[in-house]
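S.K.:
Protein chains: 2
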Amino acid sequence: MRPPLEGLADLIVSFGANVQEGQIVDVGSALGKEDLTRAITASAYKRGAKFVDVHYWDPHLKRERVQHAAADVLEFVPPWYGERTLQLGDERGAAISLSGPIEPRLFDDLDQERLGRDVFPRVKEWTTVINARTVNWCVAPGPSAKWAELVFPDLEPEAALERLWEQVVHVCRLDVADPVAAWRERSRSLGSVADRLSQRHFDAIHFEGPGTDLTVGLLPTSEWSGGGDETADGIPHMANLPTEEVFTTPDPERVEGMVRATKPLYTQGRIIDGLTVRFEHGHAVQVEAESGVETLRAMIEQNEGGDRLGELALVDREGRIGPLETVFYDTLLDENAASHLALGSAYETAVGEADRGRLNRSTIHIDFMVGSPQVDVTGVTSDGERMPVLRDSTWQI
Amino acid sequence: MRPPLEGLADLIVSFGANVQEGQIVDVGSALGKEDLTRAITASAYKRGAKFVDVHYWDPHLKRERVQHAAADVLEFVPPWYGERTLQLGDERGAAISLSGPIEPRLFDDLDQERLGRDVFPRVKEWTTVINARTVNWCVAPGPSAKWAELVFPDLEPEAALERLWEQVVHVCRLDVADPVAAWRERSRSLGSVADRLSQRHFDAIHFEGPGTDLTVGLLPTSEWSGGGDETADGIPHMANLPTEEVFTTPDPERVEGMVRATKPLYTQGRIIDGLTVRFEHGHAVQVEAESGVETLRAMIEQNEGGDRLGELALVDREGRIGPLETVFYDTLLDENAASHLALGSAYETAVGEADRGRLNRSTIHIDFMVGSPQVDVTGVTSDGERMPVLRDSTWQI
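Sequences listed follow chains C and X, in order.
Residue numbering for the first sequence follows numbering that gives the first Met the number 0, beginning at 0 and increasing consecutively.
Residue numbering for the second sequence follows numbering that gives the first Met the number 0, beginning at 0 and increasing consecutively.
The structure is reproduced here in structure tokens:
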């Protein structure tokens, strides 16, 4: 199989980010993803992009930094990274980011406290731009040989890469006659669930399942969204491709109880397995895991707002990712396989003006999966009424 | 042979760029040069760098741009590239750039007029920063497999890369017991030649040899330099490593005659062979070559000041590059093998305040080699006296 580079690139550029004529397009790529990056660049220029601004990330550079940099500069990022990001918003640019592990296990032997403090290439100004909705952006999977070996360790490297591509093609709905039409239909359905959830004005969401009994408060103006986004100027785009979630912004001060992750998560180049988190008054007061816990703890402790929730998202069984039962070690794909929460920064767009001052702010945003057919999701109204939302991963509303 | 990555990296960081504690270090690298880039990053952090800011250039992105971008955006570069460069100067940062062809012949089949207009990743603000002497910078060779295959096409790929590394080690004087001491000695000798040339106050330099009869006027305050540089704050650094030249800034309006290049040059991914240029009143009025001439013509025509000289440099036979008789297709190495001229931007630092307004300004800076043992170099004083400067590539002054 020749990977459908052009097909995926065109879907990302034309439908995902929905690049407009004359736009500057920021592309966050990584070593190992050159082929798709070049196809995206070609596609964007063909569509009339003014400049395609590609950055190849090399995780070895982070490894050298964490090993050798002075302790007091690990959090430093030159000011031009933030300024560039803000300017992209001012210029009404587009942005594409390719997801997927790059060098799995490269950071396993590092000092995890130091690793947790170096969050580059993430810069906090992205949160500002995303909340201002000035950029039409899309995060999409960028298959690579090393990612494939991590996901399918029992296959030969070539077969593993082929399998990864097959699954990426499937979850991106590139295997149907008209992928864009298929996405529009799925988007409408997710949008309609989000509308129904918003109309219920739940005061809290309750997760209950094996190892999990967690109540997440919502803000009075919390709105649910799903199935796509729109910039302030009215350019529709898919912030995530694929997307199978409906999400909202929780009350960072009202989270109580215990939650057990239902899938491993992959952050800062580390696999975090068997995660459990206990929340009190909105704070993550106890974080345990079978692997990688020091990295996660360091990220939570070293970044303001890292111990509070910034996102709550629900995923049903109609999505294409969950049924594959593949652990992708990639937040984009794994978070769209199951309901999830995120520690760190919140999406302003999901609350009204009145509550903007109350949502969580942070440099980090770490999604972790908490949903499964065994986890009941229940809405709780302000007068204590309980309404089933998901049972056996199927919508009840 | 294991390439001496650490040795070359340390020489570049500690002696070439002379990175200081607390500095931001910009590293301009390219795909295929990852190993040396990582060693440089490690070396810089060990030396106390605040942040090592690596950019990997992918020439395929230029190929896609030249092929598919709209005609009116080929010269466009987002403003943040220039701003970042100026800020590096304001912050008194360091800069390292790895030279050497990346994907030879990748641009051969492109529309050469369009190719000539897209000079990214070069940005004109570098000239500003270099002239302000606020950054301690170093261009050094970054060996790669594809570069090796171009230089040694008759060797097996592995042997070619080994040979390239051997020659790079030799010309960087890494094969002596104390490379830094060897460089200091060579620097002193070049500095002393430059001083003697400056004391002569030549009005012009005359090149005469096979196919060449060219007179290049100098400015009243033109000074000769060689063997190293110093920032405005007094940080010594080697702008080129290796360096074997003494150079000055010519009068862009007084260049007359014909010159034949003595080596091929490599610019914009193209090999330009058999170049001849005729100058009248300072302008390159006729540019011919056996290959790649359209690219060069387009660069000269599309960039203001591209048809006038910005640099004149002399190289003797004591250097380590010339005797190898290798054509590296790399300006850094080839220009230090033979006397050369450059079309485009001039170094302000080589003239006094009084002449700053007269030197050539341009976005481009294209060195081409015009020296050989067969080319006599003669200094001409303002009263017409002629003094031999180089005969058989040996200093006469």
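Every residue, glycine too, gets a C-beta built ideally from N, C-alpha and C.
Can you tell me whether DSSP reads ARG296(X) as helix, strand or coil?
M.R.: In the second sequence, residue 296(X) corresponds to position 297, counting from 1. Of the three classes helix, strand and coil, the one that applies to ARG296(X) here is helix, per DSSP.
S.K.: Given a cut-off of 8 angstroms on the beta-carbon distance, is the pair VAL150(C) and PHE327(C) in contact?
M.R.: For the purposes of this step, residue 150(C) is taken as the residue at position 151 of the first sequence. For the purposes of this step, residue 327(C) is taken as the residue at position 328 of the first sequence. Result yes, Cβ atoms of VAL150(C) and PHE327(C) sit closer than 8 angstroms.
S.K.: Using a Cβ-Cβ cut-off of less than 8 angstroms, list which residues of the segment 351-369 of chain C approach chain X; keep chain order.
M.R.: none
S.K.: Check the Cβ of GLY47(X) against every Cβ in chain C and list those closer than 8 angstroms, keeping chain order.
M.R.: Locating residue 47(X) in the second sequence gives position 48, counting from the first residue. Neighbours of GLY47(X) on chain C, chain order: ALA69.
S.K.: With DSSP as the reference, identify every bridge partner of ARG239(X), one or two as the case may be.
M.R.: Working through the second sequence from its first residue, we reach residue 239(X) at position 240. The sequence shown places Asn at residue 239(X), rather than the Arg named in the question. The partner list for ASN239(X) (beta bridge, DSSP) reads VAL138(X).
S.K.: Here's the rule I'm using: 16 or more other beta-carbon atoms within 10 Å means buried, otherwise exposed. How should HIS339(C) be labelled?
M.R.: Within the first sequence, residue 339(C) is the residue found at index 340, counting from 1. Burial call: buried.
S.K.: Could you check the C-alpha separation between LEU323(C) and ALA158(C) for me, to the nearest Å?
M.R.: Position 324 of the first sequence, counted from the first residue, corresponds to residue 323(C). Position 159 of the first sequence, counted from the first residue, corresponds to residue 158(C). Approximately 17 angstroms between the Cα atoms of the pair.
S.K.: Compare the Cα-Cα distances from ARG91(X) to each of SER197(X), ILE23(X), ARG64(X) and report the closest residue.
M.R.: Start at 1 with the first residue of the second sequence, and residue 91(X) comes out as number 92. Looking at the Cα atoms, ILE23(X) is the closest of the given residues.
S.K.: Going by beta-carbon coordinates alone, are ALA203(X) and TRP223(X) separated by less than 8 angstroms?
M.R.: Locating residue 203(X) in the second sequence gives position 204, where the first residue counts as 1. Locating residue 223(X) in the second sequence gives position 224, where the first residue counts as 1. Not closer than 8 angstroms, so no.
S.K.: With distances taken between CB atoms, is the gap from GLY15(X) to LEU189(X) smaller than 8 angstroms?
M.R.: To locate residue 15(X), count along the second sequence from 1; it is residue 16. To locate residue 189(X), count along the second sequence from 1; it is residue 190. In terms of Cβ geometry, GLY15(X) and LEU189(X) do not form a close pair [threshold 8 angstroms].
S.K.: Give the list of continuous alpha helix (DSSP H) stretches no shorter than 4 residues that lie fully inside the segment 217-286 of chain C.
M.R.: You should have found no qualifying run.
S.K.: Measure the alpha-carbon distance for GLY304(C) versus GLU243(C) and round it to whole angstroms.
M.R.: The count along the first sequence starts at 1 and reaches residue 304(C) at position 305. The count along the first sequence starts at 1 and reaches residue 243(C) at position 244. Straight-line Cα distance between these residues: approximately 27 angstroms.
S.K.: Where SER13(X) and TYR55(C) are concerned, what is the direct C-alpha to C-alpha distance, given to the nearest angstrom?
M.R.: Residue mapping note: residue 13(X) aligns to position 14 of the second sequence, counting from 1. Residue mapping note: residue 55(C) aligns to position 56 of the first sequence, counting from 1. So the two alpha carbons sit approximately 26 angstroms from each other.
S.K.: In chain order, which continuous runs of the alpha helix (DSSP H) of length 4 or greater are located wholly inside the segment 181-220 of chain C?
M.R.: Counting only runs of at least 4 residues, the segment 181-220 of chain C fully encloses no alpha helix (DSSP H) element at all.
S.K.: Taking TYR55(C) as the query, report the chain X residues whose CB atoms sit under 8 angstroms from its CB, ordered along the chain.
M.R.: Here residue 55(C) refers to the residue found at position 56 of the first sequence. Per Cβ cutoff of 8 angstroms: LEU30, TYR55, ASP57.
S.K.: Could you give the DSSP three-state label for LEU97(C): helix, strand or coil?
M.R.: Locating residue 97(C) in the first sequence gives position 98, where the first residue counts as 1. In this structure, LEU97(C) counts as strand in the three-state DSSP scheme.
S.K.: For GLY31(X), which residues of its own chain have a beta-carbon under 7 angstroms away from its beta-carbon, when the five flanking residues on both sides are left out?
M.R.: Position 32 of the second sequence holds residue 31(X). Here the set comprises ILE101, SER143, ALA144, LYS145.
S.K.: With a cut-off of 8 angstroms on the beta carbons, I'd call MET0(X) and GLU207(X) a contact; round off their distance for me.
M.R.: Within the second sequence, numbered from 1, the residue matching residue 0(X) stands at position 1. Within the second sequence, numbered from 1, the residue matching residue 207(X) stands at position 208. Not a contact, Cβ separation roughly 43 angstroms.
S.K.: Judging by CA-CA distance, which residue of THR275(C), SER96(C), ASP57(C), GLY141(C) is the nearest neighbour of LEU105(C)?
M.R.: The residue you call residue 105(C) lines up with position 106 of the first sequence. Of the candidates THR275(C), SER96(C), ASP57(C), GLY141(C), the one whose C-alpha sits nearest the C-alpha of LEU105(C) is ASP57(C).
S.K.: Check GLY15(X) in the structure and name its three-state DSSP category.
M.R.: The residue given as residue 15(X) occupies position 16 in the second sequence. GLY15(X) falls in the helix class under three-state DSSP.
S.K.: May I ask you to report which of helix, strand or coil DSSP gives GLU148(C)?
M.R.: Taking the first sequence and counting its residues from 1, the one referred to as residue 148(C) is at position 149. In this structure, GLU148(C) counts as helix in the three-state DSSP scheme.
S.K.: So with CB distances below 7 angstroms, who are the chain C contacts of GLN19(X)?
M.R.: For the purposes of this step, residue 19(X) is identified with residue 20 of the second sequence, where counting begins at 1. Neighbours of GLN19(X) across chain C, judged by C-beta separation under 7 angstroms, do not exist; the nearest C-beta is about 13 angstroms away.
S.K.: Compute the Euclidean distance between the alpha carbons of ARG121(X) and LEU342(C), then round it to the nearest angstrom.
M.R.: As a first step, residue 121(X) must be located in the second sequence, where it is residue number 122. As a first step, residue 342(C) must be located in the first sequence, where it is residue number 343. Near 40 angstroms, if we compare the C-alpha coordinates of LEU342(C) and ARG121(X).
S.K.: Do GLN19(X) and ILE271(X) come within 8 angstroms of each other at the CB atom, strictly closer than that value?
M.R.: If you number the second sequence from 1, residue 271(X) lands on position 272. If you number the second sequence from 1, residue 19(X) lands on position 20. No; because the gap between Cβ atoms is not below 8 angstroms, this pair is not in contact.
S.K.: Name the DSSP bridge partner or partners of MET386(C)?
M.R.: Stepping through the first sequence from its first residue, residue 386(C) is reached at position 387. MET386(C) pairs with GLY378(C).
S.K.: Do ALA116(C) and GLN301(C) have their C-beta atoms closer together than 8 angstroms?
M.R.: Counting from one through the first sequence, the residue named residue 116(C) turns up at place 117. Counting from one through the first sequence, the residue named residue 301(C) turns up at place 302. For the sequence presented, residue 116(C) should be read as Arg rather than Ala. Yes, Cβ-Cβ distance for ARG116(C) and GLN301(C) is below 8 angstroms.
S.K.: Where DSSP assigns a beta bridge to THR393(X), which residues make up the other side?
M.R.: What you label residue 393(X) is simply residue 394 of the second sequence in a count that begins at 1. Answer is ARG390(X).
S.K.: Whole angstroms is fine: what's the gap from LEU73(X)'s alpha carbon to GLY47(C)'s?
M.R.: Position 74 of the second sequence, counted from the start, is the residue given in the question as residue 73(X). Position 48 of the first sequence, counted from the start, is the residue given in the question as residue 47(C). LEU73(X) and GLY47(C): Cα-Cα distance of roughly 12 angstroms.
S.K.: Using the Cα positions of PHE278(C) and VAL286(C), report the straight-line distance between them to the nearest angstrom.
M.R.: Taking the first residue of the first sequence as position 1, residue 278(C) is located at position 279. Taking the first residue of the first sequence as position 1, residue 286(C) is located at position 287. Approximately 9 angstroms between the Cα atoms of the pair.
S.K.: Mapping DSSP to helix, strand and coil, what is ILE363(C)?
M.R.: Position 364 of the first sequence, counted from the first residue, corresponds to residue 363(C). If DSSP states are grouped into helix, strand and coil, ILE363(C) belongs with coil.
S.K.: Any idea if ALA260(X) is buried or exposed, counting beta-carbon neighbours within 10 angstroms, 16 or more meaning buried?
M.R.: Reading the second sequence from its first residue, position 261 is the one you call residue 260(X). Burial call: buried.
S.K.: For MET386(C), which residues of its own chain have a beta-carbon under 6 angstroms away from its beta-carbon, when the five flanking residues on both sides are left out?
M.R.: Against the first sequence, residue 386(C) aligns to sequence position 387. Around MET386(C): GLY378.
S.K.: For GLU5(X), tell me which candidate among GLU63(C), VAL26(C), PHE50(C) has the shortest Cα-Cα distance.
M.R.: Looking up residue 5(X) in the second sequence gives position 6. With distances taken between Cα atoms, GLU5(X) lies closest to GLU63(C).
S.K.: Which chain X residues are close to ALA399(C), counting only those with a beta carbon under 8 angstroms from its beta carbon?
M.R.: Chain C is shown from 0 up to 396; residue 399(C) falls before or after that span and cannot be answered.
S.K.: Under 8 angstroms: do the segment 82-97 of chain C and the segment 121-130 of chain C share three or more Cβ pairs, one atom per stretch?
M.R.: yes
S.K.: Which residue spans inside the segment 21-64 of chain X form an unbroken beta strand (DSSP E) run of at least 3?
M.R.: 23-29, 50-56
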